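Asks: For reference, the structure I am asking about is given below.
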Amino acid sequence: QVQLVESGGGLVQPGGSLRLSCAASGAIFGTYAMGWYRQAPGKQRELVATISRGDRTNYVDSVKGRFTISRDNAKSTVYLRMNSLKPEDTAVYFCNLRTPIGTDYWGQGTQVTVSS
11 QVQLVESGGG LVQPGGSLRL SCAASGAIFG TYAMGWYRQA PGKQRELVAT ISRGDRTNYV
71 DSVKGRFTIS RDNAKSTVYL RMNSLKPEDT AVYFCNLRTP IGTDYWGQGT QVTVSS
């Protein structure tokens, strides 16, 4: 059973930084693509960033240059470093693991609120 547990969310002022973590269990972590998604109130869940097994990364345009996704296979953990946060980054952030056959697993989400 794959389990994903996010942490690191919270309240931060505009321009501030946070680092989200997602610890995975029940899977051979290094063999899977990982991603971060977010969902703001009243909006659909959207892709924020992904990282492949080979550490290729992809970002939604709105976070390019501000967010960095990384992974530590030894710790079965994926990270999302978020800098220069804006109020529009406020959302629940979800960790995603995608198997080679396209099965998705999700964490429970962690709230990020950017407000002064």
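Everything in the sequence shown is counted per the numbering used here, starting at 11 for the first residue and increasing by one. We treat Cβ as the ideally placed atom computed from N, Cα and C, and that holds for glycine. As the structure is a prediction and not an experimental result, all values here were calculated from the model.
#1: Exposed or buried, what is glutamate 16 when buried is set at 16 or more other beta-carbons lying within 10 Å of its beta-carbon?
#2: Please classify alanine 84 as buried or exposed, where buried requires at least 16 other C-beta atoms within 10 Å of its C-beta.
#3: How big is the Cα-Cα spacing for leucine 95 and glutamine 23?
#4: Could you compute how far the alpha carbon of glutamine 11 sits from the alpha carbon of lysine 53?
#5: Have a look at Ile111, Tyr89 and Asn93 and flag the residue whose alpha-carbon is nearest the alpha-carbon of threonine 60.
Replies: Put simply:
#1: buried
#2: exposed
#3: Their Cα atoms are separated by approximately 8 angstroms.
#4: 29 angstroms
#5: Measuring from the Cα of threonine 60, the nearest candidate turns out to be Tyr89.
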